[in-house]
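One line per chain: the protein sequences are A and B, in this order.
Using this note's numbering, the first residue of the first sequence is number 1, and each one after it goes up by one.
Using this note's numbering, the first residue of the second sequence is number 134, and each one after it goes up by one.
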Amino acid sequence: MKPETIQHVETAARNRDLARALINQGSGMGLRTPPFEWVAGVAFYSAVHYVNGLLWEWRSIKPDTHTERNWYLDNHPPLSAFKLDYRLLNSHGWSARYAPGYRLLPHQAQALVDVNLDQIEATICSALGISPF
Amino acid sequence: MAVVPRVSIEKVGKVFATELRAVDVVRDAWVSTTADGYDLWLLVQPIDLAAERDLYALVDRMYEQFPSARFSLHVLNPATFVNLVPESIVPSQARQVGLRASA
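In structure tokens form, the structure reads like this:
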């Protein structure tokens, strides 16, 4: 793999691990309510790095905007295989950053990582011929 | 990625309303413009995330009608809010989609 691709995959895995840490340790952070909504934001940026990694590895493309990345995702297999998962994470990541009152229950945060992000990770890693870091 | 031509927001809203006819969990919907496309806002009944995920296929149906436009769908799901107030999230310039008129 190209060095930049490895960096993207490593960063994606780091964000995934941070999302899981928020789920597993969020209740012990001393906040009135655990920050499970930020799992959505971190998980989305894990997905962004996975997509960027594959686009760079296969086509030397670095999307400048979310819109540009979405376009590749919507129109190019194998990325399009997980477009619903990516759109879900994108929307929830947006809500975590901007929508007042947005909160996630633990099982919802868990699903975003273990179902939706996992689908993206599995597809990208398979396409790159690697196991998840 | 090529620069894409604009489609009228009225036309986008009309097609979005038509697509929403088959979605029984919809309570309200809006369309707003961005620098490079359209944001679609969908207020739904409380649903689980698996059902919410399926709603994002609506974007593909919009692309079937407007292949050169760019869309982002925001599902406002009360199951993921402590107190969901759409007016505090949906842009003030957004246009409400006439769900009843299209039914």
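C-beta: ideal position from N, C-alpha, C; glycine also.
Note that the coordinates shown come from a computational prediction; the quantities given were computed from them, not determined experimentally.
Would you mind giving the Cβ-Cβ distance between residue i and residue j, rounded to the nearest angstrom? I have them listed as a contact below 8 Å.
{"i": "Q108/A", "j": "T213/B", "result": "6 Å"}
{"i": "R103/A", "j": "V215/B", "result": "5 Å"}
{"i": "T5/A", "j": "W56/A", "result": "5 Å"}
{"i": "L232/B", "j": "V159/B", "result": "7 Å"}
{"i": "I120/A", "j": "F82/A", "result": "5 Å"}
{"i": "A162/B", "j": "W174/B", "result": "6 Å"}
{"i": "L217/B", "j": "G101/A", "result": "6 Å"}
Quick check on the DSSP output: the beta strand (DSSP E) that includes residue i runs from which residue to which?
{"i": "F204/B", "result": "F204 to L209"}
{"i": "S165/B", "result": "V159 to T166"}
{"i": "V79/B", "result": "Here chain B covers residues 134 to 236 and nothing more, so residue 79/B does not appear."}
Residue range of the alpha helix (DSSP H) that residue i falls in?
{"i": "Y86/A", "result": "K83 to Y98"}
{"i": "A21/A", "result": "P3 to Q25"}
{"i": "V145/B", "result": "I142 to L153"}
{"i": "N70/A", "result": "H66 to N75"}
{"i": "A109/A", "result": "P106 to A111"}
{"i": "S46/A", "result": "E37 to R59"}
{"i": "R186/B", "result": "L182 to L188"}
{"i": "V194/B", "result": "In the sequence on display, residue 194/B carries Arg and not Val. Unbroken alpha helix (DSSP H) run through R194/B: L191 to Q198."}
{"i": "A122/A", "result": "D118 to L128"}
Given 8 Å, three or more beta-carbon pairs between the segment 29-39 of chain A and the segment 71-91 of chain A: The segment 29-39 of chain A vs the segment 71-91 of chain A: no contact.
Stretch pair the segment 113-125 of chain A + the segment 144-159 of chain B: three plus CB contacts closer than 8 Å: No: fewer than three Cβ pairs fall under 8 Å.
Members of the segment 221-233 of chain B that neighbour chain A once the beta carbon cut-off is set at 7 Å: Answer in chain order: S221 and I222.
Any 3 or more C-beta pairs closer than 8 Å across the segment 32-52 of chain A and the segment 177-187 of chain B: Not touching, per the Cβ criterion.
Contact set between the segment 91-103 of chain A and chain B, restricted to residues whose Cβ is under 9 Å from the partner: Residues of the segment 91-103 of chain A with a C-beta less than 9 Å from any C-beta of chain B: S91, H92, W94, S95, Y98, A99, P100, G101, Y102 and R103, listed in chain order.
Cβ pair count under 8 Å reaching 3, the segment 109-116 of chain A against the segment 191-199 of chain B: The segment 109-116 of chain A, when compared against the segment 191-199 of chain B, does not touch it at the 8 Å Cβ threshold.
Interfacial residues, the segment 144-173 of chain B to chain A, with Cβ spacing under 9 Å: From the segment 144-173 of chain B, only T167, A168, D169 and G170 have a Cβ closer than 9 Å to chain A.
contact_flag[the segment 158-178 of chain B, the segment 46-60 of chain A] where n(CB pairs < 8 Å) is 3 or more: Cβ pair count under 8 Å is below three, so no.
Short-range partners of chain B found in the segment 26-47 of chain A, where Cβ spacing is below 9 Å: Cβ contacts with chain B come from T33, E37 and A40.
Chain B contacts from the segment 116-131 of chain A (Cβ-Cβ distance under 9 Å): Flagged, chain order: N116.
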